[in-house]
Amino acid sequence: MDLSQAKHAFITGGASGIGLGIADALAKRGVPVTIVDIDEESVRAIVADRGGRLRGQVLDVRDRAAWAAAKAEAEAALGPVDILVANAGIGPEGKELVDADPECFDRLMAINVGGIFNAISAFGADMRARMRGHIVITGSVAGLAVPNIPRLGSYAAAKSAVVALGEALRPEMAPHGIGVSTLCPGMVASNLGRNTARMGGRPQPLTIETRAGAPVFGPAMNPAEVGEITARGIERNDAYIVTHPQEWAEVTNRWRELEAAFSSGG
């Protein structure tokens with residue numbers, strides 16, 4: 018998508034971390050941006066800090082009844098949305114799957130998967146009808162390298178679902194001129210732990226390693242850098258936007274196991 022022609026970007030989880038990094042990258046390119054977040058105080062602070070370059074709204078992405086009003090408010094202010102970034106999410110709690118708190122599991126799925134579906138449901142049909150635009154949904158490298166990362170079962174399951182949503186949506190929207198990218202970041206220096214706790218989760222200190230004992234996700238990346246990578250991915254209409262290419266080794270470990278299973282002939 019030619020970002021110089023973009024009219025309005027709507028970004029969930031936009032008041033901090035990756036969402037804010039993307040918002041700043043798009044605003045720098047002249048795209049009018051609405052950031053939405055459940056944290057009203059942060060929304061107000063960011064809008065004030067950016068001196069009018071961003072506009073803000075408060076939204077709980079789980080609240081389906083609120084989505085229509087959020088869309089109407091944003092588009093009344095800045096016109097139809099042609100870049101949708103469904104990014105809001107919470108983080109893992111660092112427990113093995115059998116020890117996961119069912120309430121925490123449900124919350125994680127409702128925000129990380131349900132929130133993305135709600136965004137697509139709210140905006141996708143109108144974007145398709147106008148035959149222009151781009152959708153970015155935030156997954157994770159954890160959704161691509163599931164078997165090799167312990168104590169991320171619930172989180173990896175959610176992010177795997179997000180990857181599947183992106184892979185299904187992309188060919189559905191392509192004939193209508195809508196690009197779809199799945200953002201698969203590694204470790205990013207964000208407020209994910211704080212936001213998880215704010216939503217009622219209990220994040221635990223976690224050194225994320227592969228089952229072989231090697232660190233995974235690489236060094237924590239600045240959200241501003243993720244924003245720039247994402248903006249370039251939108252311009253190229255990348256199917257997957259990856260922030261830490263060195264993590265390909267962990268992804269290929271999974272595919273080798275799959276390849277072996279298919280090659281064995283059952």
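Sequential numbering of the sequence shown, starting at 18, is according to the working numbering.
Glycine residues also receive a C-beta, built at the ideal position from the N, C-alpha and C atoms.
Measure the C-alpha to C-alpha separation of residue i and residue j and round it to an integer number of angstroms.
i    : j    : result
A159 : M204 : 10 Å
G196 : I251 : 8 Å
P192 : Y257 : 18 Å
P232 : S33  : With a pLDDT of only 46 at P232, under the threshold of 50, the placement of this residue in the model should not be trusted, and no figure is reported.
A60  : L37  : It is worth fixing the name first, because residue 60 is Val in this sequence and not Ala. About 10 Å.
L223 : G31  : Unreliable placement is indicated for L223, whose pLDDT of 48 sits below 50; the coordinate value is still reported in the next sentence. Going by the C-alpha atoms only, they are around 25 Å apart.
K88  : V64  : 18 Å
E150 : R253 : What sits at residue 150 in the sequence shown is Gly, not Glu. Spanning the two alpha carbons is a distance of roughly 13 Å.
G141 : A44  : 22 Å
I246 : R67  : 21 Å
A139 : R145 : 12 Å
E276 : A266 : 15 Å
V179 : D255 : 16 Å
C121 : P167 : 18 Å
T199 : E184 : 8 Å
A248 : K112 : 34 Å
N135 : M18  : 23 Å
D143 : M126 : 26 Å
P188 : S280 : 28 Å
I39  : A278 : 39 Å
A229 : M190 : Any reading at A229 must be qualified, since the residue scores a pLDDT of 47, below 50, and its modelled position is unreliable; no value is offered.
D80  : G69  : 27 Å
Is residue j closer than 8 Å to residue i when the C-beta atoms are compared?
i    : j    : result
F27  : V75  : no
I107 : I128 : yes
A105 : V78  : yes
A23  : I137 : no
L20  : R46  : yes
L29  : A82  : Rather than Leu, the amino acid found at residue 29 in this sequence is Thr. No, these two residues do not count as a Cβ contact at 8 Å.
D41  : A241 : yes
V268 : A162 : yes
If you drop the 5 nearest sequence neighbours on each side, which residues of the same chain put their C-beta closer than 6 Å to that of residue i?
i    : result
L186 : V197
N49  : What sits at residue 49 in the sequence shown is Pro, not Asn. Contacts found: H25, L95.
A117 : S171
A91  : F27, T51
E264 : V158, G203
In its own chain, which residues sit with a C-beta less than 7 Å from the C-beta of residue i, not counting the 5 before and 5 after it?
i    : result
S157 : K176, C201, P202
I35  : N104, T155, P202, V205, S207, P240, V243
G194 : M148, R149
L114 : G170, S171
Got a sec? Which residues, its chain only, sit under 8 Å from residue i by beta carbon, not counting five neighbours each side?
i    : result
M238 : P202, G203, M204, V205, A206, T260, H261
T73  : Before going further, note that residue 73 is Gly rather than Thr in the sequence given. If we look at G73 and ignore the five residues flanking it on each side, its Cβ neighbours are G31, A32, T51, I52, V53, D54, V60, R61, I63, V64.
A85  : A139
I believe residue i touches residue j by the beta-carbon criterion, under 8 Å. Please report the beta-carbon distance rounded to the nearest angstrom.
i    : j    : result
L182 : I154 : 6 Å
P119 : L169 : P119 to L169, Cβ: 17 Å. No contact.
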